[in-house]
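The sequence shown lines up with residues 1 to 79 when you count with the UniProt record's numbering.
Worksheet: one structure, shown below.
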Amino acid sequence: MLAIFPKIAGAAGRVVSKDGSVPGFSSWMGFESWVQNGANAPSGNGVVVLSAGSLASSVGQKIMSTLLSAEVEGGLSSS
């Protein structure tokens with residue numbers, strides 16, 4: 001299920017993300033939604049993580065928060 005999360009403190013907009021997993025593999029992708037600073041343009045920030053394990057979501061969230069110079073608040077998970 002696709003989820004929209006406003007929980008990355010300091011991000012210019014919301015983060016749209018999707019995760020998934022099957023035994024032995026996991027994935028996470030997240031993109032900052034449209035820039036909210038009046039430019040009305042798509043953001044160039046996005047992350048895709050494929051993992052031979054279960055860490056894709058936490059790694060993707062950390063990379064995204066680093067790209068946005070922000071902090072993940074309480075972790076993100078698709079619902």
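All C-beta atoms in this analysis are idealised placements derived from N, C-alpha and C, irrespective of residue type, glycine included.
- Each of Ser69, Gly53, Met64 and Ala41 was checked against the Cα of Ser27, and the nearest Cα belongs to Gly53.
- A direct Cα-Cα distance of roughly 23 Å separates Ser65 from Phe25.
- If you draw a straight line from the Cα of Leu55 to the Cα of Ser33, it comes to about 23 Å.
- The closest CA to that of Val47, considering only Ala41, Ile63 and Ala70, is found on Ile63.
- Boundaries of the alpha helix (DSSP H) harbouring Leu67: Ala56 to Leu67, taken from the DSSP string.
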